[in-house]
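Note sheet for the following structure.
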């Protein structure tokens, strides 16, 4: 994929490209309308249609310690993502509690892999749709790649083709990040940062 190269030369993208439509070239992974939430999540978020309970668990064991704690449950459901910023803490607590009730058979407030696999493969349970979307849980770069770039662009995409609102917003964020990095770099070169000096000690 050429996204990285395009990002590197897209400093003027916000000024050079205008509002465009998506067209009809979506490459969204196909998923059966009767698929459960786990199947939809894996297709849309990871572009995978073949997986088992153990691989699903491991993929979402974000710190690799062999368990899901409440925070990892929320992240799996996309509740740490900007798209769900308006979901209340009460609702988040309820979702985590509901999932623990389904899978936490030893009642230790966490879900281990054995509990998860047994529930899915032997008891026939599944992670329910909690109404919070497909479960965005990557960083901004990953989310842009998998939810926009891979749907509407490919290795033949040129800079002038990046006219969708999502493209403009993405490269705008890159420009803002680069500007902030440059500002911090300049500050680091100063032996004394004037803004950090209390006003009464500054020279007029």
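Numbering (the numbering used here), first residue to last: 228 to 431. Just so you know, even glycine gets a beta-carbon here, dropped at the ideal spot from N, CA and C.
Problem set entry | residue 339, DSSP secondary structure in three states | Residue 339 sits in a strand when the DSSP states are folded into three classes.
Exercise. What does a CB cutoff of less than 8 Å around residue 353 pick up in its chain, not counting 5 residues either side in sequence?
Worked result: 263, 264, 265, 347
For this session: Check the C-beta distance from residue 484 over to residue 361 and give it rounded, since I have them as a contact under 8 Å.
Result: Since the first residue shown for the chain is 228 and the last is 431, residue 484 is missing from the structure and cannot be characterised.
For this session: Decide yes or no for the touch test of the stretch 280-295 against the stretch 304-324: beta carbon pairs closer than 8 Å, at least 3 of them.
Result: no
For this session: Tell me whether residue 230 sits in a helix, a strand or coil according to DSSP, three-state version.
Result: Model confidence at residue 230 stands at a pLDDT of 47, short of 50, so the residue's coordinates are unreliable and nothing is read from them.
Exercise. How far does the alpha helix (DSSP H) with residue 258 in it reach, from first residue to last?
Worked result: From DSSP, residue 258 is part of no alpha helix (DSSP H); its letter is neither H nor E.
Exercise. Quick one: what's got a C-beta closer than 6 Å to residue 319's C-beta in the same chain, skipping five residues either side?
Worked result: 301, 306
Problem set entry | For residue 363, the nearest candidate out of 296, 331, 274 (CA to CA) | Taking each of 296, 331, 274 in turn and checking the Cα distance to residue 363, the smallest one comes out for 274.
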